[in-house]
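Working notes for the structure below.
Residue numbers (UniProt numbering): 1 to 139.
This is the structure in structure tokens:
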């Protein structure tokens, strides 16, 4: 069972990497998938809100404050559907920041699988303390 899950984890992470390539952000491209019962129920990548120009960085190269993270986009997207994130797994190419970790926990996601670690691990520590499983998977 664990070996089979590892294969799924790698496959979904590879898909999240591809999804991240759709981002217009130059500094970092991040992709996310939300999976429940082996079915993708939402997806997202980092970028500006709907209706804004697709420029994530300002003239000095800094990320604009209103750029949405991939996981926040995926959670927001599923909220306007008939699906629920309760009991789901989030696959994301970069471990989530602490702000997004609050959203992840509140949305009922029970497992987070990521490919690379963000510089600040306090969000992951929060998730683990809250009972959300976190898993670093190399692909």
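All C-beta atoms, glycine included, are put in the ideal place defined by N, C-alpha and C.
Beta carbon of residue i nearer than 9 Å to that of residue j
i: residue 44; j: residue 3; result: no
i: residue 19; j: residue 32; result: yes
i: residue 57; j: residue 29; result: no
i: residue 118; j: residue 138; result: no
i: residue 68; j: residue 46; result: yes
i: residue 86; j: residue 120; result: no
Residues sharing a beta bridge with residue i, DSSP
i: residue 94; result: 116
i: residue 136; result: 114
Residue-chain proximity (residue i, chain B), Cβ-Cβ < 9 Å
i: residue 16; result: Of the chains in the structure shown, none is chain B; there is only one protein chain.
Nearest-angstrom Cα separation, counted from residue j out to residue i
i: residue 106; j: residue 132; result: 11 Å
i: residue 136; j: residue 102; result: 19 Å
i: residue 129; j: residue 115; result: 20 Å
i: residue 61; j: residue 23; result: 16 Å
i: residue 37; j: residue 8; result: 12 Å
i: residue 52; j: residue 124; result: 30 Å
i: residue 127; j: residue 76; result: 19 Å
i: residue 111; j: residue 39; result: 15 Å
i: residue 90; j: residue 59; result: 32 Å
i: residue 81; j: residue 21; result: 24 Å
i: residue 64; j: residue 104; result: 22 Å
i: residue 100; j: residue 122; result: 11 Å
Whole-Å CB distance - residue i paired with residue j, under 8 Å assumed
i: residue 88; j: residue 35; result: 6 Å
i: residue 83; j: residue 42; result: 7 Å
i: residue 78; j: residue 13; result: In fact, because the Cβ distance is near 19 Å, the residues do not count as touching under 8 Å.
i: residue 16; j: residue 109; result: Not confirmed; about 14 Å, so no contact.
i: residue 66; j: residue 50; result: Not a contact, Cβ separation roughly 12 Å.
Could you tell me which uninterrupted alpha helix (DSSP H) segments, each at least 4 residues in length, are contained entirely in the stretch 23-109, listed from first to last along the chain?
Note on the stretch 23-109: whole alpha helix (DSSP H) runs with a minimum of 4 residues are 70-79 and 98-106, in chain order.
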